[in-house]
Amino acid sequence: MKKIMILLFVSLFSFSVNSNAKSITLGWAAWDPANALQELTKEFTAETGIEVNFEFVPWPNFADRMLNELNNKGKTFDLLIGDSQWIGAGAVYGHYVKLNDFFDKEGISMSDFSPATVYAYSTWPKGSKNYYALPAMGDALAWAYRKDWFDRPELKSEFKKKHGYDLGVPANWNQLHDMCKFFQGREIDGQKRYGAAINTERGSEGITMGVTAAMYAWGMEYENPNKPYDMEGYFNSPQAVEAVEFYRKLYEDCAPPGHSDAYMVANLDAYKSGQVAFQMNWYAFWPGVSKEDSDGRVSGFFANPKQNVAAATLGGQGISVVKYSDKQDLALEYIKWFARPDVQQKWWDLGGYSCHNDVLNSPSFPTSTVYAQGFLDSMGIVKDFWQEPTFVELMLPMQEAIHDYVVNGKGTAKEALDKIIEEWVEVFEADGKL
Amino acid sequence: MSVKKKFKGLSDKAVGWLFIGPTVLLLLAINIYPLVYAIKMSFTNFYANKIGREPQFVGLKNYIKVLNKEAIWEKMQVTASFMFWTLLLQAIIGLGLALLLNRKFKGNELLTTLIVLPMMLSPAVVGVFWTYLYNPQVGLFNYMVNFFYDLGSFDMIGSSTLAPWAIVIVDTWMWTPFTMLICLAGLRSVPNYLYEAAEVDRASKWQQFIYITLPSVLPFLLLALLFRGIENFKMFDMVVELTSGGPGSATELASINLKREAFEKWKTGYSSAFAVILFVTIFGFGNVYVKVMNKIKER
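So the sequence lines, in the order shown, correspond to chains A and B. Be aware that the first sequence starts at 14, since it is given in the numbering used here, and climbs by one per residue. Be aware that the second sequence starts at 105, since it is given in the numbering used here, and climbs by one per residue.
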């Protein structure tokens, strides 16, 4: 018995030593792509013997958890797949390792990745040649719709009679509104249906990501292109005001009852349960939606409709090495492996959104899934929220003011945007930018 | 040397200090030191997330900023309204339930246990499951309301008029049992001979309630309301889970706003000033309240 105990102790001890020596921890949000990455990473472990532990945090707590970890110089994570908006803080506050020397040494070229994703996920200052992340997961806000309802002859003819054009993928936001309203309160197969599940969440970033999809399409700019941080007349331009008003109209006319604090999962649930004709959501969710619809009869997908310009809200993340990690060498080995074109192809095949040109430019890519063409279209027109180190401070007043106007019905769109600018000026002043 | 011998030379006072010493040290470490540190920070422009940036002394600037900010007063109004309605409802319903349960009837114990169940739940859990109860399409609350009076579809959480009531209802549902229990303890401490004497004097039931029951139970009720008042001034978890402070800022209590300023915007100096103001407010109100309560007791 004594021998067995010693053997058990020794084997346990040797396992723990082994796992400590050759293991890294990767942090990301808890969602479908994270599971795909976990699956993909098995090959990395098989090739290198390095175990990868994953810590996936639910989206509502993701930013809080990760940013607190970084601010506290925590060593929990060796690798972090962080939101695009975090890149400024990651670089300025020294949370992320600068990857230029590593890329040069390993022959990893940023020109092998889609320019929009390199700009958004990797560089700080924006557009510079300073890289703090490898584009890991391309994403943008897009739309899914109930193709099976759209294909019903009686609904098609009724819609055409009413609006004078075909029921189908909306060409602009006005058509989107017409279609959403057409389905609002309509009984289909004995059940009451609604127009669209759109982002209205108050707590983290939901309603901002939703309303900016409209604002970008109306042509909103955050600041004067010739005078950084000069927002007056840009962020609250008449077009931007019109877009915010439109978003409120869309919420009032077309959202299902109780959809006042909804984001990714709530939109997905409303759509999957057959409540709504449209859902606004990230491309990351489309593999899951289309998995249950292999012949593509139930769901269709399309990029954010244009209004004055073609534009879409950027999502997605880059993968960074955490400066406080004691295992930076192992973490870099993972990035080297992940950047390989063959791994990137498998990443896409498993449901991740590769940003590698070899994958995106492959002739078979646009037809590889029903949403692939939309993804390509979207990645060419993406726009992102501020990526400043103070992005959380910038996000919160926008969440409050927009939610107050769109959901709460308080004040006017112009007042809401003016209030946001007022708060942003304060943030930039405190940060020494103004 | 035995322990007995070792302590033999200590005075009673010294032994007393020996017992309370660890607690005092703990209090100093986790209560007093953070308070002093927060007061110190409130006079600086410190941002906890800006690594390497030394905080600078800004005098009373943060306090002036907090007190001049319109949004802060809106949050204070929301908090005051939440406190007023929850305390009022919990006082009335809690006292009513206590009077009911003070009578002897079959199933009294079982009913008491069922009534106190909500306060044993985690506020976060309560917040989450009430979001389902308030769902306009499938929520039990909306169904019940419509069963008795057809209001059609209404959204308790999404409407700025109804959302403040939504949080009041949940807090009242959860914490009325607490008020009830304390009032019940008060009721059971009223000597029976007072009622017997009142009967002899031909006092009506209403007069017995006004002149015996209410004065006896009032100090207990006020104590319960003091506890609930302090708790509701700090209310955070249940409301965050239920409404996230929304729609817009319709249910954003001062504590929620403070958390956002301190740990999301990382305005450490500014939020320390805000925290100190809140502390002084609740401390001041608490002191006045205790004095009033003591006067009532003395009567």
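We treat Cβ as the ideally placed atom computed from N, Cα and C, and that holds for glycine.
Compare the Cα-Cα distances from residue i to each of the options and report the closest residue.
| i | options | result |
| --- | --- | --- |
| tryptophan 99 (chain A) | A:Gln412, A:Asn113 and A:Leu407 | A:Leu407 |
| phenylalanine 116 (chain A) | A:Val278, A:Lys173, A:Asp191 and A:Trp350 | A:Trp350 |
| phenylalanine 163 (chain A) | A:Tyr229, A:Pro183, A:Trp361 and A:Tyr144 | A:Pro183 |
| methionine 448 (chain A) | A:Tyr264, A:Leu168, A:Asn321 and A:Gly271 | Residue 448 (chain A) lies beyond the range of chain A shown here (14 to 447); nothing can be said about it. |
| valine 387 (chain A) | A:Asp417, A:Ser333 and A:Ala323 | In the sequence as presented, valine is not what sits at residue 387 (chain A); that position holds glycine. If we check each option's Cα against that of glycine 387 (chain A), A:Ala323 comes out closest. |
| isoleucine 394 (chain A) | A:Gly40, A:Ala153 and A:Gly198 | A:Ala153 |
| phenylalanine 389 (chain B) | B:Leu329, B:Met284 and B:Gly262 | B:Leu329 |
| alanine 42 (chain A) | A:Ile433, A:Arg78 and A:Thr225 | A:Arg78 |
| glycine 200 (chain B) | B:Phe251, B:Phe282 and B:Val170 | B:Phe282 |
| asparagine 185 (chain A) | A:Tyr418, A:Ala325 and A:Asp308 | A:Ala325 |
| glutamate 413 (chain A) | A:Asp342, A:Val65 and A:Ser217 | A:Ser217 |
If you check the beta carbons only, do residue i and residue j fall under 8 angstroms apart?
| i | j | result |
| --- | --- | --- |
| phenylalanine 186 (chain B) | isoleucine 271 (chain B) | yes |
| aspartate 45 (chain A) | alanine 297 (chain A) | yes |
| arginine 206 (chain A) | alanine 290 (chain A) | yes |
| glycine 231 (chain B) | leucine 346 (chain B) | yes |
| leucine 327 (chain A) | serine 124 (chain A) | no |
| alanine 344 (chain A) | valine 334 (chain A) | yes |
| aspartate 243 (chain A) | glutamate 236 (chain A) | yes |
| lysine 340 (chain A) | aspartate 114 (chain A) | no |
| glutamate 436 (chain A) | proline 402 (chain A) | no |
| serine 264 (chain B) | glycine 422 (chain A) | yes |
| tyrosine 284 (chain A) | alanine 157 (chain A) | yes |
| leucine 363 (chain A) | alanine 155 (chain A) | no |
| glycine 352 (chain B) | aspartate 417 (chain A) | yes |
| glutamine 400 (chain A) | glycine 151 (chain A) | no |
| tryptophan 370 (chain B) | alanine 152 (chain B) | yes |
| tyrosine 452 (chain A) | asparagine 212 (chain A) | There is no way to answer for residue 452 (chain A), as the model of chain A reaches only from 14 to 447. |
| alanine 202 (chain B) | leucine 122 (chain B) | no |
| lysine 359 (chain A) | histidine 108 (chain A) | no |
If we ignore side chains and look at the alpha-carbon of each, how far apart do residue i and residue j end up?
| i | j | result |
| --- | --- | --- |
| glycine 120 (chain A) | alanine 352 (chain A) | 10 angstroms |
| phenylalanine 150 (chain B) | glutamate 402 (chain B) | 48 angstroms |
| threonine 193 (chain B) | proline 222 (chain B) | Before going further, note that residue 193 (chain B) is leucine rather than threonine in the sequence given. Approximately 16 angstroms, taken between the alpha carbons. |
| leucine 25 (chain A) | serine 36 (chain A) | Because leucine 25 (chain A) sits at a pLDDT of 47, beneath the cut-off of 50, its placement in the model cannot be relied upon, and the point is left open. |
| methionine 192 (chain A) | phenylalanine 172 (chain A) | 8 angstroms |
| leucine 430 (chain A) | glutamate 245 (chain A) | 10 angstroms |
| proline 138 (chain A) | valine 105 (chain A) | 9 angstroms |
| isoleucine 196 (chain B) | isoleucine 381 (chain B) | 31 angstroms |
| proline 318 (chain A) | tyrosine 247 (chain A) | 21 angstroms |
| glutamate 292 (chain B) | leucine 130 (chain B) | In the sequence as presented, glutamate is not what sits at residue 292 (chain B); that position holds arginine. Roughly 37 angstroms between the two C-alpha positions. |
| leucine 327 (chain B) | methionine 284 (chain B) | 12 angstroms |
| leucine 321 (chain B) | methionine 342 (chain B) | Per the sequence shown, residue 321 (chain B) should be read as valine rather than leucine. Computed Cα separation, rounded: 29 angstroms. |
| phenylalanine 258 (chain B) | alanine 267 (chain B) | 11 angstroms |
| proline 71 (chain A) | methionine 228 (chain A) | 27 angstroms |
| aspartate 397 (chain A) | phenylalanine 233 (chain B) | 35 angstroms |
| glycine 287 (chain A) | glycine 198 (chain A) | 13 angstroms |
| tyrosine 393 (chain B) | isoleucine 400 (chain B) | 11 angstroms |
| glycine 223 (chain A) | arginine 165 (chain A) | 29 angstroms |
| serine 32 (chain A) | glutamine 51 (chain A) | Low confidence applies to serine 32 (chain A): its pLDDT is 47, below 50, so where it sits in the model is not reliable enough to give any reading. |
| lysine 390 (chain A) | threonine 183 (chain B) | It should be noted that the sequence gives aspartate, not lysine, for residue 390 (chain A). Going from the Cα of aspartate 390 (chain A) to the Cα of threonine 183 (chain B) covers about 47 angstroms. |
| glutamate 424 (chain B) | glycine 198 (chain B) | With chain B covering 105 to 403 only, the question about residue 424 (chain B) has no answer from this structure. |
| tyrosine 220 (chain A) | valine 396 (chain B) | Correcting the residue identity first, residue 220 (chain A) is isoleucine in this sequence and not tyrosine. Their Cα atoms are separated by approximately 47 angstroms. |
| alanine 443 (chain A) | leucine 114 (chain B) | 57 angstroms |
| threonine 130 (chain A) | methionine 392 (chain A) | 8 angstroms |
| glutamine 354 (chain A) | lysine 88 (chain A) | Looking at the sequence provided, one finds proline at residue 354 (chain A) rather than glutamine. For proline 354 (chain A) and lysine 88 (chain A), the distance between alpha carbons rounds to 30 angstroms. |
| isoleucine 433 (chain A) | alanine 228 (chain B) | 30 angstroms |
| glutamate 178 (chain B) | alanine 301 (chain B) | 52 angstroms |
Under 8 angstroms by Cβ, that's how I've got residue i and residue j pegged, so tell me the actual separation to the nearest angstrom.
| i | j | result |
| --- | --- | --- |
| phenylalanine 337 (chain B) | isoleucine 386 (chain B) | 5 angstroms |
| isoleucine 360 (chain B) | valine 344 (chain B) | 6 angstroms |
| serine 303 (chain A) | valine 420 (chain A) | That pair is no contact at about 30 angstroms. |
| valine 405 (chain A) | glutamate 368 (chain B) | 6 angstroms |
| tyrosine 134 (chain A) | glycine 329 (chain A) | 6 angstroms |
| leucine 357 (chain B) | serine 375 (chain B) | Actually they are not in contact, since the Cβ atoms of leucine 357 (chain B) and serine 375 (chain B) sit about 15 angstroms apart, beyond 8 angstroms. |
- [ ] Return the residues of the stretch 359-371 of chain B that lie within a Cβ-Cβ distance of less than 8 angstroms from chain A, sorted by chain order.
- [x] Of all residues in the stretch 359-371 of chain B, Arg364, Phe367, Glu368, Lys369, Trp370 and Lys371 have a Cβ within less than 8 angstroms of some Cβ in chain A.
- [ ] Could you run through the stretch 206-235 of chain A and flag, in chain order, every residue whose CB is less than 7 angstroms away from some CB of chain B?
- [x] For the stretch 206-235 of chain A, the set of residues with a beta-carbon nearer than 7 angstroms to any beta-carbon of chain B comprises Arg215 and Gly216, in chain order.
TODO: For the stretch 229-260 of chain B, enumerate the residues whose C-beta is nearer than 7 angstroms to any C-beta of chain A, in chain order.
DONE: Listed in sequence order: Asn239, Pro240, Gln241, Ser257 and Asp259.
Task: Contact set between the stretch 39-55 of chain A and chain B, restricted to residues whose Cβ is under 8 angstroms from the partner - done: Within the stretch 39-55 of chain A, no residue has a Cβ lying closer than 8 angstroms to any Cβ of chain B.
Open item on the list: For the stretch 291-307 of chain B, list every residue whose C-beta sits within 7 angstroms of some C-beta in chain A, in sequence order.
Closed with: The residues in question: there are none.
- [ ] Using a Cβ-Cβ cut-off of less than 9 angstroms, list which residues of the stretch 147-177 of chain B approach chain A; keep chain order.
- [x] Under the 9 angstroms Cβ criterion, the stretch 147-177 of chain B contributes Asn149, Tyr151, Ala152, Asn153, Lys154, Ile155, Gly156 and Ala175.
- [ ] Pull out every residue of the stretch 241-266 of chain A whose Cβ sits closer than 7 angstroms to any Cβ of chain B, in chain order.
- [x] Under the 7 angstroms Cβ criterion, the stretch 241-266 of chain A contributes no residue.
TODO: Taking only beta carbons into account, state which residues of the stretch 417-438 of chain A come closer than 8 angstroms to chain B, listed in chain order.
DONE: Using a CB distance below 8 angstroms, the part of the stretch 417-438 of chain A facing chain B consists of Asp417, Tyr418, Val420, Asn421, Gly422 and Lys423, ordered along the chain.
TODO: Taking a Cβ distance cut-off of 8 angstroms, strictly less, list which residues of the stretch 88-111 of chain A are near chain B, in chain order.
DONE: Those residues of the stretch 88-111 of chain A that come within reach of chain B (Cβ to Cβ, closer than 8 angstroms) are Ala102, Tyr106 and Gly107.
- [ ] Using a Cβ-Cβ cut-off of less than 9 angstroms, give me the residues of the stretch 336-361 of chain B that come near chain A, in sequence order.
- [x] Answer in chain order: Val344, Thr347, Ser348, Gly349, Gly350, Pro351, Gly352, Ser353, Ala354 and Glu356.
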